[in-house]
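Beneath this line is the structure, given in structure tokens, with notes to follow.
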Amino acid sequence: MNGHDNGQKKVSRRGFLKAAAAAGAATAAAGCGGNGEIDFAEFFQSHFKEMSKDEVRSVIKRLEDKYSSKYGKQFTVKATEPMENVLFGYALDLSRCIGCRRCVYACVRENNQSRDPQIHWITVLRFKKGEKWMDLEESEKYYSPDKVPEEGYFYMPVQCQQCKNPPCTKVCPVQATWTEPDGMIVVDYNWCIGCRYCMAACPYGARRFNLAEPGLPKDEANPNTHYLGNRPRYRGVVEKCTFCVQRTREGKYPACVEICPVGARKFGNLLDKDSEVRYIIEHERVFRLKEDMNTQPKFFYFFSI
Numbered sequence: 123m124n125g126h127d128n129g130q131k132k133v134s135r136r137g138f139l140k141a142a143a144a145a146g147a148a149t150a151a152a153g154c155g156g157n158g159e160i161d162f163a164e165f166f167q168s169h170f171k172e173m174s175k176d177e178v179r180s181v182i183k184r185l186e187d188k189y190s191s192k193y194g195k196q197f198t199v200k201a202t203e204p205m206e207n208v209l210f211g212y213a214l215d216l217s218r219c220i221g222c223r224r225c226v227y228a229c230v231r232e233n234n235q236s237r238d239p240q241i242h243w244i245t246v247l248r249f250k251k252g253e254k255w256m257d258l259e260e261s262e263k264y265y266s267p268d269k270v271p272e273e274g275y276f277y278m279p280v281q282c283q284q285c286k287n288p289p290c291t292k293v294c295p296v297q298a299t300w301t302e303p304d305g306m307i308v309v310d311y312n313w314c315i316g317c318r319y320c321m322a323a324c325p326y327g328a329r330r331f332n333l334a335e336p337g338l339p340k341d342e343a344n345p346n347t348h349y350l351g352n353r354p355r356y357r358g359v360v361e362k363c364t365f366c367v368q369r370t371r372e373g374k375y376p377a378c379v380e381i382c383p384v385g386a387r388k389f390g391n392l393l394d395k396d397s398e399v400r401y402i403i404e405h406e407r408v409f410r411l412k413e414d415m416n417t418q419p420k421f422f423y424f425f426s427i
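Counting from 1 along the sequence shown, just add 122 to a position and that's the residue number in the numbering used here.
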């Protein structure tokens, strides 16, 4: 480290880890990716779970100033904590989904996903009726009919299943991803080293890697963000759905639930016996994707018709 940098010199996590590995200080991280260009203050900050409240406030102020300057609008970065006695769960009615993908693009707008290259946290799969459909390899990701729903097809949106027993968090070598008390699996983007082990471990293909600098147009940036959710990401990190943590921890629905034109998406507190999602689990024909893998998703599919 150059003593004349005064904390302003830029360094990539990839470069630092490679240098550290060469010196024998970080051999476990050798070969992993980086998270683009960040300053020393960001690089050396403590893990989010280890920071004091004062440290969190300092980090958030720095990020708010950084994003506000970059995107030309006032950004808010929240660190809203989980609510007590809340365990979030999701239910999706496959008999109602029409494959319109409005959920995909509402998610993109809400969560500041890259437009160029395109990054989508939700994938809507199309299956032919009557054919084998529980095998995701039999599905189509890319379809462009003039009108949906199409006769002879049905649709299955897939995103992070927020597993109770998530393989993705277990393989992270720097503990940059973990499960919060309200059940949401989150990522500290300042700690992610881009090794993509979590992507390989996820059986649902729910994580996305920022291979290039995320293309987020200034006029489309959502300034209402959360540190563990939809704040702008760096190049070289892995990102994913967080059930819109910036919304749901304030009592709102995820963006995909609000936008669904047919009411196929349901969201609520699994610990509340009077919640809609609990009623669905207890009274509808419910299944979870790839249940045999013992990931125990908190994302349920069902047929109401």
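All C-beta atoms, glycine included, are put in the ideal place defined by N, C-alpha and C.
query: Nearest-angstrom Cα separation, counted from V367 out to V360; result: 17 Å
query: Unbroken stretches of the beta strand (DSSP E), 3 residues or longer, contained in the segment 352-408; result: 387-391
query: Stretch pair the segment 208-218 + the segment 304-314: three plus CB contacts closer than 8 Å; result: yes
query: Alpha helix (DSSP H) runs wholly inside the segment 206-257, at least 4 long, in chain order; result: 224-232
query: Segment limits, beta strand (DSSP E) that includes M173; result: No beta strand (DSSP E) holds M173; DSSP gives it neither H nor E.
query: Contacts around R231, its chain only, beta-carbon distance under 8 Å, and the 5 residues preceding and following it disregarded; result: E342, N344 and A377
query: Residues bridged to R330 [DSSP beta-bridge criterion]; result: E361
query: Exposure of D428, with buried meaning 16 or more beta-carbon neighbours within 10 Å; result: The chain is shown only over 123 to 427; residue 428 falls outside these bounds and no answer can be derived.
query: Supposed contact pair R224 and P383 - C-beta distance, whole angstroms, cut 8 Å; result: 6 Å
query: Identity of the residue in G390, A386 and K251 nearest M205 by Cα; result: G390
query: CB contact flag (L338, S266, <8 Å); result: no
query: C154 to R357 span [Cα, whole Å]; result: Bear in mind that a pLDDT of 46 at C154, under 50, signals an unreliable position, so the number given afterwards is only what the model happens to contain. Rounded to whole angstroms, C154 to R357 spans 14 Å at the Cα level.
query: CA nearest to the CA of E273, picked from V308, A228, C294 and G221; result: G221
query: Nearest-angstrom Cα separation, counted from F421 out to R387; result: 11 Å
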